[in-house]
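In short: position in the sequence shown from 1, add 167, done, that's the numbering used here.
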Amino acid sequence: MEKKVLKLVTVMVLGVLTVVISGCVTDRVNLADSGMLTLEQHTTGKVYIAWSDAYEDGDGFVVTGALRRRDTIGLPIKTHVDITIQSPDGTIIDESRSSDVHVPRRIIGRGQSLKRFRVRFSGIPPQGSLVRLVSHSGLHNDAT
168 MEKKVLKLVT VMVLGVLTVV ISGCVTDRVN LADSGMLTLE QHTTGKVYIA WSDAYEDGDG
228 FVVTGALRRR DTIGLPIKTH VDITIQSPDG TIIDESRSSD VHVPRRIIGR GQSLKRFRVR
288 FSGIPPQGSL VRLVSHSGLH NDAT
C-alpha cells in the first residue's frame with residue numbers, strides 16, 4: 168500500500184515539475200529563428216563565438232551565447248563581445264558590450280572550455296535588423 172502511495176506522489180510531483188518547466192520555457196521567443204533579426208558572428212584572435220541566440224525578454228531582448236578558444240595551450244584569455252544592432256537600412260540603432268569573460272584553454276573531451284555571455288537591450292529592433300557580434304580580446308580606444 169505504501170509503495171502505491173509513494174509512486175502516486177512521485178508521478179504527481181514529476182507531472183507538476185514538467186508543467187512548470189515547460190511553462191517557463193514557452194515564454195521566450197527566439198528572434199533569430201522567427202526571422203525578426205539576423206545574427207552575424209565575427210571573430211578576432213584566439214577566441215570565437217561557438218553559438219549565439221537572441222530572445223525576446225519583456226519589452227526588450229537578450230543576446231546570449233558561448234565563447235570558446237581555438238587553441239589548447241596557454242593561460243585564460245580575457246575577452247568580451249561587442250554587439251552592434253543595425254536597422255534594415257544600415258543605420259546603427261544600438262551598441263553594447265558584454266562583461267569581461269576569462270576563457271580557459273580548450274580541453275579536449277571536457278565541456279568546461281565554453282564560457283557564456285549575456286547582454287540585455289531595452290527595446291526590440293525593427294524586423295529585418297542585423298545583430299553583429301564580434302569577440303574581442305584587446306582594449307578599445309575609449310577604454311580608460
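Beta carbons: idealized from backbone N, C-alpha and C, even for Gly.
- [ ] Please name the residue in Asp200, Ile244, Asp256 whose C-alpha comes closest to that of His303.
- [x] Ile244
Task: Distance CB(Leu300)-CB(Val248) smaller than 7 Å - done: Yes, Cβ-Cβ distance for Leu300 and Val248 is below 7 Å.
Task: Three-way DSSP call (helix, strand, coil) for Ser148 in this model - done: This structure cannot speak to residue 148, because the chain is shown only from 168 to 311.
Task: Cβ-Cβ distance between Leu281 and Ala233 below 7 Å - done: yes
Task: Given Gly241 as reference, the closest of Gln253, Ala221, Val214 once Cα atoms are compared - done: Val214
Task: Residue of Arg195, Lys171, Asp224, Ala199 minimising C-alpha distance to Gly290 - done: Asp224
Task: Sub-7 Å separation of Ile274 and Asp261 beta-carbons - done: no
TODO: May I ask which residues mark the beginning and end of the beta strand (DSSP E) holding Lys282?
DONE: 282-288
Task: Straight-line Cα distance separating Lys170 from Val176 - done: 10 Å
Task: Cα-Cα separation between Ile250 and Met179, rounded to whole angstroms - done: 44 Å
Open item on the list: Measuring alpha carbon to alpha carbon, tell me which residue in Thr210, Met203, Ala199, Leu204 is nearest Gly163.
Closed with: Because the chain is modelled from 168 through 311, residue 163 falls outside the range shown and cannot be assessed.
TODO: Return yes when at least one heavy atom of the ligand NAD lies under 6 Å from the C-beta of Val180, else no.
DONE: As for the ligand NAD, it is missing from this structure, which has no ligand bound.
Open item on the list: Can you tell me whether Lys213 is helix, strand or coil according to DSSP?
Closed with: Reduced to three states, the DSSP call for Lys213 is coil.
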